[in-house]
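First comes the structure, then the notes that go with it.
In this note's numbering, the protein residues as written are 78 to 217.
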């Protein structure tokens, strides 16, 4: 009887210790993951996308980088239908927000740039400038 009670007590203490260790491990994993995602969102210079329209009929992807004081965004757009895809860019420069869109059909790529840009957000729409728009993503 004593052996059964001792085994149950040891199993119980291991279970409690395992439960106590699990939140710490989860917190460490969660902290590392949020640090990585915040670094990516806070203006990492590099590749981004694929960012889809809400109905997944159009997507954009690209690369944003800084060179000689200018921020460049080279983007690619893809959609496979008789309608158009739209990409929107919203950026912060000189204390103001600016927003513009570009329409394409099929496959498309181009580059745009600006001086003094601090933040850039993008999202993709399909079928109209304001139709089937996907979520906004910070790319710089």
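We treat Cβ as the ideally placed atom computed from N, Cα and C, and that holds for glycine.
Note that this is a predicted model, so its numbers are computed, not measured.
Beta-bridge annotation (DSSP): residue 197 is paired with 168. Residue 151 has 140 and 188 as its beta-bridge partners, per DSSP. Counting other Cβ atoms within 10 Å of its Cβ, residue 184 stays below 16 and is therefore classed as exposed. The Cβ atoms of residue 149 and residue 189 sit closer than 9 angstroms to each other.
In the structure shown, the three-state DSSP call for residue 206 is coil. Rounded to the nearest angstrom, the gap between the Cα atoms of residue 169 and residue 193 is 8 angstroms. Per DSSP, residue 134 is not a residue of any beta strand (DSSP E), being assigned neither H nor E. Looking from the CA of residue 162, the closest CA among 217, 196 and 129 belongs to 129. Per DSSP, reduced to three states, the secondary structure at residue 160 is coil, with no helix or strand assignment.
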